[in-house]
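What follows is one structure encoded as structure tokens, with my remarks underneath.
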Amino acid sequence: MNEDEIRRILREELANIAPEADLERLDPTADLREALDIDSIDFLNFVTAIHRRLGIDVPELDYAKLSTLDRAVTYAASKLGAASE
């Protein structure tokens with residue numbers, strides 16, 4: 000799985016969590032909680048979705064590494080050993 004595929008999956012899950020958000024306009028470096036106006040429960044749902052869709056266990060100490068879309072993609076790619084594109 001490459002970074003583009005990971006990004007697509009993460010965007011799908013963010014759309015499930017914040018269906019009213021315009022993910023096409025989401026700055027990939029913006030804080031997800033602020034940009035999508037999601038609360039801590041929504042963020043935990045995102046972490047759970049990462050585990051379910053990608054098979055990655057995300058310890059609480061690593062939650063900050065998922066704060067932006069770019070950071071989440073990089074984190075997931077590193078855990079999966081994904082190739083950059």
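Numbered by numbering that gives the first Met the number 0, the letters in the sequence shown go through residues 0 to 84 in order. Ideal Cβ positions, reconstructed from N, Cα and C, are used throughout, including at glycine.
When the beta-carbon positions are compared, residue 13 and residue 45 come within less than 8 Å of each other.
The alpha-carbon of residue 71 is positioned some 16 Å away from that of residue 17. Residue 68 and residue 24 have their C-alpha atoms roughly 12 Å apart.
The DSSP-derived three-state label of residue 55 is coil. In the structure shown, residue 66 adopts coil according to DSSP, grouped into three states. Under the three-state reduction of DSSP, residue 41 is assigned to helix.
Counting only the Cα atoms, residue 66 lies some 8 Å from residue 29. Contact check for residue 79 and residue 55: beta-carbon distance about 7 Å, within the 8 Å limit, so the pair qualifies.
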